[in-house]
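Report on the structure given below.
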Amino acid sequence: MRGDFARGLAFERLMISVLREDAALPPAQRQWLSAFTLPRIEVHVGLSKPNVPGMRFADVLVMEQRPPPGQVPLVETFSFKSRNLQHLAGEALEAPLRMDAQAALDYYGGTVDIRRSSLKSSVRVQRIRLVYQGGSLIPEPSVLDPAVLRVQREVKGVEVVIQ
Numbered sequence: 209m210r211g212d213f214a215r216g217l218a219f220e221r222l223m224i225s226v227l228r229e230d231a232a233l234p235p236a237q238r239q240w241l242s243a244f245t246l247p248r249i250e251v252h253v254g255l256s257k258p259n260v261p262g263m264r265f266a267d268v269l270v271m272e273q274r275p276p277p278g279q280v281p282l283v284e285t286f287s288f289k290s291r292n293l294q295h296l297a298g299e300a301l302e303a304p305l306r307m308d309a310q311a312a313l314d315y316y317g318g319t320v321d322i323r324r325s326s327l328k329s330s331v332r333v334q335r336i337r338l339v340y341q342g343g344s345l346i347p348e349p350s351v352l353d354p355a356v357l358r359v360q361r362e363v364k365g366v367e368v369v370i371q
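If you want it as structure tokens, here you go:
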């Protein structure tokens, strides 16, 4: 259990550094943040939603620092998962993917109140990405890809990505 937690933290740190490096590139060269002109990357940001009790923490929230005049800033959230899914298939694989996607949508989608004092505002999250650690933790693409597609069709608004 402790090893799983450490692996998850290491994956989160890796992905945060990947996003920061991506943000430093010109927009046309970015893999993750190409829709942003000047992305602001915030880590472990507390978010609350009307009619949803408590506060949840997004692994990463990215907000446009320089939105076009008259437009609201682009806001995206990232949730990183390091789960051992390699021996799962069919519904046994789809169930945890669906649960994670639905939780990401419920907690980080739509209009959220940012609870960090430097950002305090109500914003609309336009994109939610659920990023799973790949490699030996996931099944073969012939098993994984159909499950990911089905979950994305069922839980609209969440993009499931394998890294």
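The numbering of the sequence shown is the numbering used here, which starts it at 209 and goes up by one. All C-beta atoms, glycine included, are put in the ideal place defined by N, C-alpha and C. Every value quoted in this text rests on a predicted model; they were computed, and no experiment measured them.
Terminal residues of the alpha helix (DSSP H) in which PHE213 lies: For PHE213, the enclosing alpha helix (DSSP H) has its first and last residue at 210 to 232.
Nearest-angstrom Cβ-Cβ length linking ALA303 and LEU338, presumed shorter than 8 Å: The Cβ separation is near 14 Å, so there is no contact.
8 Å Cβ shell around VAL260 - same chain, five flanking residues per side excluded: So the qualifying residues of the chain are ASP314 and TYR315.
Euclidean distance between Cα positions of GLN239 and GLN371: Going by the C-alpha atoms only, they are around 12 Å apart.
Whole alpha helix (DSSP H) elements within the segment 265 to 343, 4-residue minimum: The qualifying runs are 298 to 316.
Supposed close pair GLU284, ARG335 - CB separation, criterion 8 Å: The C-beta distance from GLU284 to ARG335 rounds to 4 Å, short enough to meet the 8 Å contact threshold.
Cβ distance (whole Å) where VAL351 is taken to contact GLN360 below 8 Å: The beta carbons of VAL351 and GLN360 sit about 16 Å from each other, so the pair does not count as a contact at 8 Å.
C-beta contact flag for LEU345 and GLN273 at 8 Å: One thing to note: LEU345 has its Cβ no nearer than 8 Å to the Cβ of GLN273.
Extent of the continuous alpha helix (DSSP H) run through ARG361: 349 to 362 is the span of the alpha helix (DSSP H), which, as asked, contains ARG361.
Distance between GLU348 and GLN279 (C-alpha atoms, nearest Å): When the Cα atoms are used, GLN279 and GLU348 turn out to be separated by approximately 42 Å.
Residue closest to SER225, alpha-carbon to alpha-carbon, out of PHE288, LYS257 and GLY211: The shortest C-alpha separation from SER225 is found at PHE288.
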